[in-house]
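Structure first, then comments.
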Amino acid sequence: MPAKHKSKISQYALGRKELEAFLGPLEANIIGVVWNSDKRPLRVRDVYEKLKQKKDIAYTTVMSTMDRLYEKGLLDRRMEKGKGGLFYVYWPKFEEQSFKKSAVREVISSLIENFGEIVTSYLVEEASSDEQDLRALKEQVDNIMKEKQK
Amino acid sequence: MLPMSLDNLLAQVFQPYFYYSVILLILSFICVKMLLKQNHLMSRRARSITYMLPLIIPLLVMGVFHPETTMQTVGGGSTTGMFILSLNGNFAGASLVPSPFNTMQNIPIGPSLSAIILELLPGQVEILSITGILCLVGLAVAACYLVLAIALDDKIVSRVFHVIALGRDEYSSLQSKIDELSRKIGVRPPRIGLVEDLRPNAFIAGYGRKTMLVFSVGILNVLDEDELAAVAAHELSHVKEHDFFFKTFSHALAIISFFNPFSYFAASAAQREREMLADEEGARLLKKPGLLAAALAKTSKALQGFPKQGLAVRVASGLFLVSPIARRPEILATHPRVNQRISNIARLAPKTVKTRRNKAITVALSFLIIVGGLMLSYPIVKVQTAFTQDQPRLISLRIPAEGAKFSLVPCLEGIRVQPNEPVSEIVFTVPPALTFVDAEQPHVMVPACVNAAFQTQAFLTSKPLYFYVFVLGLKGKTRSVIEPVSEEPAAVDDTIVLIFSSPSTRLVTQREPAQFYALFLDLDRNTSRFGEVSILYLRSDTLMYANL
Chain A
1 MPAKHKSKIS QYALGRKELE AFLGPLEANI IGVVWNSDKR PLRVRDVYEK
51 LKQKKDIAYT TVMSTMDRLY EKGLLDRRME KGKGGLFYVY WPKFEEQSFK
101 KSAVREVISS LIENFGEIVT SYLVEEASSD EQDLRALKEQ VDNIMKEKQK
Chain B
151 MLPMSLDNLL AQVFQPYFYY SVILLILSFI CVKMLLKQNH LMSRRARSIT
201 YMLPLIIPLL VMGVFHPETT MQTVGGGSTT GMFILSLNGN FAGASLVPSP
251 FNTMQNIPIG PSLSAIILEL LPGQVEILSI TGILCLVGLA VAACYLVLAI
301 ALDDKIVSRV FHVIALGRDE YSSLQSKIDE LSRKIGVRPP RIGLVEDLRP
351 NAFIAGYGRK TMLVFSVGIL NVLDEDELAA VAAHELSHVK EHDFFFKTFS
401 HALAIISFFN PFSYFAASAA QREREMLADE EGARLLKKPG LLAAALAKTS
451 KALQGFPKQG LAVRVASGLF LVSPIARRPE ILATHPRVNQ RISNIARLAP
501 KTVKTRRNKA ITVALSFLII VGGLMLSYPI VKVQTAFTQD QPRLISLRIP
551 AEGAKFSLVP CLEGIRVQPN EPVSEIVFTV PPALTFVDAE QPHVMVPACV
601 NAAFQTQAFL TSKPLYFYVF VLGLKGKTRS VIEPVSEEPA AVDDTIVLIF
651 SSPSTRLVTQ REPAQFYALF LDLDRNTSRF GEVSILYLRS DTLMYANL
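These protein sequence lines are chains A and B, in that order. First residue of the first sequence: 1, per our numbering; consecutive thereafter. First residue of the second sequence: 151, per our numbering; consecutive thereafter.
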């Protein structure tokens with residue numbers, strides 16, 4: 001994934017499930033609503049009303065969380081005039097799959113950056129548990145080597 | 151039929167309900183403005199109420215002169231009329247006359263007279279009165295607005311502005327500050343709401359239990375908590391002063407004269423005073439005038455970066471919100487200019503300046519305004535009456551074409567005669583206007599008129615008899631008309647025939663039986679008497695004016 005599409009993951013919490021490993025629970029909830037919504041872009045109010053159906057939540061909390069998601073680069077926004085005045089409307093910068101992909105890459109590349117060989121050898125180990133995977137990996141490594149020799 | 155000519159337009163403008171309500175509102179607004187500009191004796195509250203006075207005038211005017219959707223006017227360009235007398239069914243003669251009364255000398259009259267009078271007046275037609283409709287629309291819309299605002303204000307605001315109720319745990323320290331301020335000022339703590347608007351704004355909606363204090367997201371971002379409390383103190387002062395009702399009534403009164411820009415000026419001026427009053431009270435409540443001033447300055451600075459609100463939102467916030475922070479041209483602004491407000495808050499201490507000089511100026515100015523107003527009222531009435539007088543416009547005569555058929559229906563239902571009294575009165579009833587159709591032109595619109603002829607005798611008199619007829623007609627609906635009847639004195643036993651026709655154009659559209667009332671009054675009460683007064687002829691029918 002090109003660098004400009006890089007999502008700004010600031011954390012990875014072990015023991016948390018799925019998106020919540022990267023984001024706070026409310027953040028994960030909100031981005032989930034944004035991804036699954038048919039209507040785009042969304043105003044804070046829309047998200048607030050959707051979340052309110054499931055649990056008691058304050059509007060201002062939703063507002064500040066969406067603001068944070070914008071700061072993190074997960075949501076994009078613009079000012080819009082409409083019912084009730086002038087407000088921000090939000091839409092996701094990445095779709096769900098591409099976000100997950102880039103988040104995983106970021107976590108792994110950060111691991112490689114910090115712990116280099118340990119990580120790669122672990123990955124090779126993981127891959128070698130299956131013969132087919134190992135063969136594919138070898139092929140990939142060979143290809144890369146060939147490219148480099150050229 | 152719509153009025154097309156300038157004459158019609160002028161006649162519409164000079165209808166008393168329109169003319170007086172417009173002119174008097176403007177004049178009184180100027181007077182009030184002059185008075186309050188020089189006067190520093192009155193409190194803000196009194197000043198705001200004084201600004202409302204001009205707005206009440208149109209309501210009073212329309213109470214006296216009821217607006218009507220139609221009015222009568224002279225139709226057609228050449229106004230011609232006809233006057234014919236026939237004796238015993240035979241055509242007797244016709245003459246060019248300005249009024250029926252002047253023809254009496256020319257017509258042979260005896261006890262067996264049966265007079266038929268056909269008077270063709272200038273085309274009297276009923277037209278739509280645009281000014282009357284404007285006035286009625288204003289009244290109706292104002293009434294609707296009043297009902298809507300009082301019954302549904304909080305609901306309308308919630309819908310239009312998408313107000314979200316703030317939970318107790320959101321901005322909890324601000325909320326408890328607001329509760330404390332409410333207790334201090336002595337009002338019920340309002341519900342707190344939020345609108346998504348990024349423009350800094352705060353306002354009050356509803357009243358009583360329904361009162362809602364609403365902040366915009368913008369103002370929550372821009373101001374710190376103490377400044378927000380200062381804004382809340384300002385808004386709570388509006389609640390304490392019952393400004394919801396003040397605003398609603400001033401808007402309703404302005405809507406009544408919606409066609410008159412001065413009504414908006416007066417309403418806005420009144421509300422600016424309320425705003426200043428709330429500033430002062432809010433600042434006093436917090437004991438920190440600087441905070442509200444800082445909040446106002448910050449808010450107005452932050453507002454500059456944003457585009458204007460949409461028209462619908464601006465209209466709704468004007469009509470249904472108390473004290474929204476909005477921008478409008480100065481004269482229409484419900485809020486005074488920010489620097490004006492800040493300096494007003496800063497010099498809170500001397501609220502009114504009761505110096506001798508100020509008192510003298512106030513008294514002199516009030517006197518001047520009252521005297522000036524009275525002096526002005528004369529030309530105002532003069533101009534109005536000059537344009538709306540009933541003008542008899544019998545100009546030319548025409549004998550009806552041979553074979554023309556007229557339906558003449560004499561109708562006399564009641565007569566009361568008091569002979570041998572200095573004053574004789576006759577009361578008679580005429581049925582609704584009948585249709586008079588020219589057989590050749592059945593489509594021509596013909597207005598109705600009442601004609602009557604009376605006969606009496608000078609009786610037991612040693613002096614020449616001069617007399618007057620008062621035609622009162624239509625139980626007060628018609629203006630009293632005093633017609634001098636006799637120019638030559640009548641001698642004893644002279645038979646006098648009096649002929650008159652309906653004096654007012656109002657009769658032309660009479661649709662119900664109407665009671666007429668005629669008084670015969672001799673001028674020298676003690677020496678002269680009328681003999682028996684009898685009605686020779688009475689007719690209510692229509693008159694042909696077309697094709698002249």
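All C-beta atoms, glycine included, are put in the ideal place defined by N, C-alpha and C. Here the structure is a predicted model, which is why all the values come from computation and not from measurement.
Chain B contact residues for residue 83 of chain A, given Cβ-Cβ distances below 7 Å = Residues of chain B passing the Cβ test: 312.
Pull up the DSSP beta-bridge partners for residue 344 of chain B, would you.
-> The beta-bridge partner set that DSSP reports for residue 344 of chain B consists of B:314 and B:365.
With a cut-off of 8 Å, do at least 3 Cβ pairs link the segment 317-333 of chain B to the segment 349-357 of chain B?
-> The segment 317-333 of chain B and the segment 349-357 of chain B do not touch, with fewer than 3 CB-CB distances between them shorter than 8 Å.
Residue 435 of chain B versus residue 365 of chain B - alpha carbon distance | When only Cα atoms are considered, residue 435 of chain B and residue 365 of chain B end up about 20 Å apart.
Output the distance between the C-alpha atoms of residue 343 of chain B and residue 217 of chain B, rounded to the nearest integer angstrom.
-> So the alpha carbons of these two residues sit roughly 43 Å apart.
Counting pairs of beta carbons, one from the segment 395-413 of chain B and one from the segment 283-290 of chain B, are three or more of them closer than 8 Å?
-> With a cut-off of 8 Å, the segment 283-290 of chain B and the segment 395-413 of chain B count as touching, because enough Cβ pairs lie within range.
Consider the Cβ of residue 26 of chain A: report whether some Cβ of chain B lies at a distance smaller than 7 Å.
-> So, not an interface residue.
DSSP-derived helix/strand/coil call for residue 90 of chain A | Residue 90 of chain A: strand per DSSP, three-state reduction.
Taking just the CA atoms, how far does residue 85 of chain A sit from residue 309 of chain B?
-> Each residue's Cα considered, the two are about 12 Å apart.
Which partner residues of residue 76 of chain A appear in the DSSP bridge assignment?
-> The secondary-structure analysis by DSSP pairs residue 76 of chain A across a beta bridge with A:91.
When burial is assigned at 16 or more other CB atoms within 10 Å of the CB, is residue 312 of chain B buried or exposed?
-> Residue 312 of chain B comes out buried.
Could you tell me the distance, in whole angstroms, from the CA atom of residue 306 of chain B to the CA atom of residue 363 of chain B?
-> Rounded to whole angstroms, residue 306 of chain B to residue 363 of chain B spans 15 Å at the Cα level.
Since I believe residue 445 of chain B is in contact with residue 381 of chain B (beta carbons under 8 Å), could you give me their beta-carbon distance rounded to a whole number of angstroms?
-> Right, their Cβ atoms sit about 5 Å apart.
DSSP three-state call for residue 39 of chain A: helix, strand or coil?
-> If DSSP states are grouped into helix, strand and coil, residue 39 of chain A belongs with coil.
Simplified DSSP assignment, three categories, for residue 202 of chain B | Helix.
Residue 192 of chain B in three-state terms, based on DSSP | Coil, per DSSP.
Mind checking whether residue 452 of chain B and residue 372 of chain B have CB atoms under 7 Å apart?
-> It is a contact, given that the beta carbons lie within the stated cut-off.
Who pairs with residue 352 of chain B in a beta bridge, going by DSSP?
-> Per DSSP, B:365.
Run the CB neighbour count on residue 82 of chain A, radius 10 Å, all protein chains shown included, and call it buried at 16 or more, exposed below.
-> Exposed, since its Cβ has fewer than 16 Cβ neighbours within 10 Å.
Can a CB atom of chain B be found closer than 7 Å to the CB of residue 45 of chain A?
-> Among the CB atoms of chain B, one or more fall inside 7 Å of the CB of residue 45 of chain A.
Distance between residue 450 of chain B and residue 292 of chain B (C-alpha atoms, nearest Å) = Distance between residue 292 of chain B and residue 450 of chain B, taken at the CA atoms: about 32 Å.
Closest Cβ-Cβ distance between residue 476 of chain B and chain A: below 7 Å?
-> With a pLDDT of 47 at residue 476 of chain B, under the threshold of 50, the modelled position of that residue is not reliable, and the figure given next carries that caveat. Between residue 476 of chain B and chain A, the shortest Cβ-Cβ separation is not below 7 Å.
List, in order along the chain, the chain B residues whose C-beta lies closer than 8 Å to that of residue 65 of chain A?
-> Chain B residues near residue 65 of chain A: none, gap ~13 Å exceeds 8 Å.
State buried or exposed for residue 655 of chain B, treating a residue as buried only when at least 16 other CB atoms are found within 10 Å of its CB.
-> Caution applies to residue 655 of chain B, whose pLDDT of 32 falls short of 50 and renders its modelled position unreliable; the value that the coordinates give is listed next. Flag for residue 655 of chain B reads buried.
Pull up the distance between the alpha-carbon of residue 422 of chain B and that of residue 40 of chain A, whole angstroms please.
-> One C-alpha to the other measures close to 42 Å.
May I ask which residues mark the beginning and end of the alpha helix (DSSP H) holding residue 11 of chain A?
-> Premise fails: residue 11 of chain A is in no alpha helix (DSSP H) and is neither H nor E.
Alpha-carbon spacing of residue 172 of chain B relative to residue 76 of chain A, whole angstroms | Those two C-alpha atoms are separated by around 55 Å.
Scan the segment 320-352 of chain B for residues whose Cβ lies nearer than 9 Å to a Cβ of chain A and list them as they occur along the chain.
-> Listed in chain order, the positions of the segment 320-352 of chain B with a beta carbon within less than 9 Å of a beta carbon of chain A are 320, 321, 344, 345, 346, 347, 348, 349 and 351.
By Cβ distance below 8 Å, which residues in the same chain neighbour residue 519 of chain B in space, the five residues on each side in sequence not counted?
-> 181, 184 and 185.
Could you check what DSSP says for residue 120 of chain A in three-state terms: helix, strand or coil?
-> Residue state, collapsed to three classes: helix.
Mind checking if residue 598 of chain B is an interface residue toward chain A, Cβ cutoff 7 Å exclusive?
-> Low per-residue confidence applies at residue 598 of chain B: pLDDT is 39, beneath 50, and the placement is therefore not dependable enough to give any value.
Please name the residues in the segment 363-390 of chain B whose beta-carbon is closer than 9 Å to at least one beta-carbon of chain A, in chain order.
-> For the segment 363-390 of chain B, which is checked against every Cβ of chain A, the residues closer than 9 Å are 366, 367, 368 and 370.
Give me the Cα-Cα distance between residue 9 of chain A and residue 432 of chain B, rounded to the nearest whole angstrom.
-> Looking at the two C-alpha atoms, the distance is approximately 47 Å.
CA-to-CA distance, residue 123 of chain A to residue 108 of chain A, given in whole angstroms = Going from the Cα of residue 108 of chain A to the Cα of residue 123 of chain A covers about 10 Å.
Interface flag, residue 58 of chain A vs chain B, CB-CB below 7 Å = Using a CB distance cut-off of 7 Å, residue 58 of chain A counts as an interface residue toward chain B.
Residues of chain A with a CB under 7 Å from the CB of residue 456 of chain B: which are they?
-> The contacting residues are 86.
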